[in-house]
Amino acid sequence: MLPTGVHSLTYADDARILRTSRARHWLAALVVALLAYPAFAGPYMLGVFTHLFITLMAVYGLYVTVGMAGQINVAQSAFVGVGAFATAKLSGYEIHFMLVIPLAALITGFVSIFFALPAARVKGFYLALTTLAAQVVFPIIILALPTEWLGGLVGMSVEPIRMGGLTLGAPIHFYYFTLVVVALLTVAAFNLKRSRFGRAMIAVRDNDVVAEVMGVPVFRTKVLAFFVGSLFAGVAGACTAYFLQFVTVASFTLFASVWYLGMLIVGGVHSPLGAILGVAFITFLQEGLHAFANTLMQSGASGGVLFALTSVALGGCILIALIFEPRGLAHRWSVARTTFQLWPFPRN
Amino acid sequence: MSQGADRQPVLEADALSLRFGAVHALRSVSIHVLEGQIHAVIGPNGAGKSSLLNCLSGFYRPQSGSVRFRGKDISILAPHHRAALGIGRTFQGIQTYPSMTARENILSGFHCRMATGILGALIYWGRVRSEEETFSERAEAIIDFLELEEQRHAVVGDLPYGLRKRVDLGRALALEPKVLVMDEPMAGMSTEEKGDLARFILDIREALGIPVVLVEHDMEVVMAISDRVTVVDFGEVIASGTPAEVSINPRVVAAYLGGNVA
Ligand SMILES: Nc1ncnc2c1ncn2[C@@H]1O[C@H](COP(=O)(O)OP(=O)(O)OP(=O)(O)O)[C@@H](O)[C@H]1O
Ligand SMILES: [Mg+2]
Chain A
1 MLPTGVHSLT YADDARILRT SRARHWLAAL VVALLAYPAF AGPYMLGVFT HLFITLMAVY
61 GLYVTVGMAG QINVAQSAFV GVGAFATAKL SGYEIHFMLV IPLAALITGF VSIFFALPAA
121 RVKGFYLALT TLAAQVVFPI IILALPTEWL GGLVGMSVEP IRMGGLTLGA PIHFYYFTLV
181 VVALLTVAAF NLKRSRFGRA MIAVRDNDVV AEVMGVPVFR TKVLAFFVGS LFAGVAGACT
241 AYFLQFVTVA SFTLFASVWY LGMLIVGGVH SPLGAILGVA FITFLQEGLH AFANTLMQSG
301 ASGGVLFALT SVALGGCILI ALIFEPRGLA HRWSVARTTF QLWPFPRN
Chain B
1 MSQGADRQPV LEADALSLRF GAVHALRSVS IHVLEGQIHA VIGPNGAGKS SLLNCLSGFY
61 RPQSGSVRFR GKDISILAPH HRAALGIGRT FQGIQTYPSM TARENILSGF HCRMATGILG
121 ALIYWGRVRS EEETFSERAE AIIDFLELEE QRHAVVGDLP YGLRKRVDLG RALALEPKVL
181 VMDEPMAGMS TEEKGDLARF ILDIREALGI PVVLVEHDME VVMAISDRVT VVDFGEVIAS
241 GTPAEVSINP RVVAAYLGGN VA
């Protein structure tokens, strides 16, 4: 809900993403902080943030497929992989990166349609299995193809991005590059939600029988949800390829797909804000636990046991977050904001 | 208002038969809905009224028979295509989209009227923005009409039953229907809510000129607002005519009193 005194005078106002000047100020502050951050951070932390931005791109895609359209997808990491291999291949033909990234996204989108066509006909458990097939088939296909095509077991190197005289290679380059890309995708994710397709996807999730009778082509909308979700995955894959400068199938595992889903669920599946909060929460938790384990190790503790324990602690924190707020951090956030705006009156 | 000779049929079903295994939900059911009329479909529980409506909107495929819309055979069209032609529908029970606001529920009904492509939706550039505004304006007109101003931004899952039914109606109106098919819109409502809804239905016919197919159990309402009544029992049409004709038909009286036809 909105604070008192904020009124929409036009319909465009009603459809704005940030509806209060306070929200716009906070966003401006966040942007300034992110732009200034490299001045204070070392290369390690810049790498962590770059990884966070790329993860967020992939999770935005899941937000579309799983969050908006309600189509479970346990193959997002494979789709990121498709984008990464497409980028590696295209970069070898000396195509400009501004063209490579959208092309990689489109290729990923079309590959996903191949799996979405059967997936959109089934529901629940069977849908999960169908997308699982996509994840399992991905490395098999790459390894089965001739080595000259996509590098097989060895993988492929990626031609770096050149902008004018600059070749992207330093952590700070990747930080700014992925920051710009993730900013664009953030706007796209929020835009989709307020468009007719966003409403159609949510309608399909909420009640697909009724949606069809109310003029929403349900089958096409489900396929579209996979397609758009994979566009995001494809961009994430392109950024991964440029960042790592080398792609192998080993980087795009079922494990990663499940993590993407976990991040979205912890953050909240019903808004792009959930994707942001989930990715940030889990990334920083992971980093914090690793840093903590490192300090303990310097004081003599055994490494193997410690890192096993950090995984347990991470799992525990996620469980607590889910028990405490099953609808995700984004929901907790909106409850807190409403409480603040209504204070001293109780909610409801 | 009685049946005029000049009225064109909007929505017609001819000899629909529908079976679910051993259950004969419909046996050669025909119905002719005319322009400008409120056409009630009544009958006991399990008579096949919802099945008939589902055949009209394309959600059920009858084993035989045909459905025509403004003279055109639409029997093979998918439900969303029929919606795009202008067959609006409201549902028995609560069938709104619970996670959306009332406004978004109504806007969702415009889906097949809007032209924005998927790329446009992601970028949300000038023309997309102005299309969104045009349709927001129309949504506001529906919100006004159904007196939902207070609930505009309320999440529909949190609204009471009567208001959700009104949102359901608003979403159907957003389709810009040429005919509105309503399944028990008043079931479970208080007398006051029923009165409000009856008023809206009459307004839809009078002010918007949209004919209505109405399944309703409340005989008082049916007799008061409908122009024609079709009575269904055990999947068969047992009577059809004006409310006055139907109410004295012996088969109807028998079906409602549960006795045998004399
Ligand atoms: N999807 C279905 N699968 C199997 N049987 C069905 C299905 N839909 C309806 N039926 C059966 O068809 C018959 C007619 O049901 P229908 O829902 O059309 O009745 P109705 O007149 O709408 O009743 P009510 O007043 O209770 O809503 C019933 O015997 C019902 O059990
Ligand atoms: Mg029924």
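Sequence lines, in order, name chains A and B.
Here the first sequence is numbered in my numbering, starting from 1 and rising by one per residue.
Here the second sequence is numbered in my numbering, starting from 1 and rising by one per residue.
All C-beta atoms in this analysis are idealised placements derived from N, C-alpha and C, irrespective of residue type, glycine included.
This structure is a prediction, so every number in the text was calculated from the model and none was measured.
- Residue burial is scored here from C-beta neighbours: B:Gly209 has fewer than 16 other C-beta atoms within 10 angstroms and is therefore classed as exposed.
- When rounded, the separation of the alpha-carbon atoms in A:Ile72 and B:Pro250 is 55 Å.
- Beta-carbon to beta-carbon, B:Leu26 and B:Gly43 are separated by about 11 Å, too far to satisfy the 8 Å threshold.
- Its Cα nearest to that of A:Phe307, the residue A:Phe292 stands out among A:Ile142, A:Ala280 and A:Phe292.
- Among the CB atoms of chain B, none fall inside 8 Å of the CB of A:Tyr63.
- For the alpha helix (DSSP H) assignment, the uninterrupted runs of no fewer than 4 residues enclosed by the segment 1-57 of chain A are, from N- to C-terminal side, 11-14 and 21-36.
- Considered as a whole, the segment 133-180 of chain B harbours 161-174 as its complete alpha helix (DSSP H) runs of no fewer than 4 residues, in chain order.
- Legend: CB atoms of the segment 256-285 of chain A lying less than 7 Å from CB atoms of chain B belong to residues His270.
- With contacts defined as CB atoms closer than 8 Å, B:Ile201 and B:Ile238 fail to qualify as a contacting pair.
- Using a cutoff of 7 Å, the CB of B:Phe145 does not count as near ligand 1, since none of the ligand's heavy atoms is closer than that.
- Neighbourhood of ligand 2, defined by CB distance below 7 Å to any of its heavy atoms: B:Lys49, B:Ser50, B:Gln92, B:Asp183, B:Glu184 and B:Val215, in chain order.
- If you ignore the 5 residues before and after B:Val221, its C-beta comes within less than 7 Å of the C-beta of Met186, Lys194 and Ala198, all in its own chain and listed in chain order.
- Rounded to whole angstroms, the gap between the alpha carbons of B:Glu206 and A:Leu117 is 45 Å.
- Remark: C-beta atoms of A:Val223 and A:Val204 do not approach each other more closely than 8 Å.
- The alpha-carbon of A:Arg332 is positioned some 16 Å away from that of A:Leu342.
- Among the residues of chain A, those whose CB is under 8 Å from the CB of B:Ala121 are Asn191, Leu192, Ser195, Arg196, Phe197 and Gly198, following chain order.
- Scanning the segment 33-67 of chain B for uninterrupted beta strand (DSSP E) segments of 3 residues or longer gives 38-42, listed from N- to C-terminal end.
- The beta carbon of B:Gln95 sits closer than 8 Å to some beta carbon of chain A.
- In terms of CA proximity to B:Arg113, B:Ala83 leads the group B:Leu16, B:Val23 and B:Ala83.
- Listed by position along chain B, the residues whose Cβ is nearer than 7 Å to that of A:Val228 are Ile118.
- In this structure, the straight-line span from the alpha carbon of B:Asp233 to that of B:His217 is close to 13 Å.
- If you draw a straight line from the Cα of B:Gly71 to the Cα of B:Arg7, it comes to about 13 Å.
- No residue range can be given for A:Thr248, since it is assigned to no beta strand (DSSP E) and is classified by DSSP as neither H nor E.
- B:Cys55 has its alpha-carbon roughly 10 Å from the corresponding atom of B:Ser17.
- DSSP, read as helix, strand or coil, puts B:Asp183 in strand.
- Taken through DSSP and simplified to helix, strand or coil, B:Leu18 comes out as strand.
- In this structure the segment 85-94 of chain A touches the segment 240-249 of chain A; the number of beta carbon pairs closer than 8 Å is three or more.
- Annotation: B:Leu169 to A:Ala58 spans about 38 Å, alpha carbon to alpha carbon.
- In this structure, DSSP gives B:Thr230 an extended state, which the three-state scheme calls strand.
- If you check each beta-carbon in the segment 198-217 of chain A against every beta-carbon of chain B, the ones closer than 9 Å belong to Gly198, Arg199, Ala200, Ile202, Ala203, Arg205, Asp206, Asn207, Val209, Val210, Ala211, Glu212, Val213, Met214, Gly215, Val216 and Pro217.
- Secondary structure at B:Met189: coil, using DSSP grouped into helix, strand and coil.
- Taken in chain order, the complete alpha helix (DSSP H) segments of 4 residues or longer contained in the segment 56-98 of chain A are 76-91.
- Residue contact with chain B for A:Asp13: absent (no Cβ-Cβ distance below 8 Å to any residue of chain B).
- Annotation: the continuous alpha helix (DSSP H) that includes B:Ser247 extends over Pro243 to Ser247.
- In this structure, DSSP gives B:Ala13 an extended state, which the three-state scheme calls strand.
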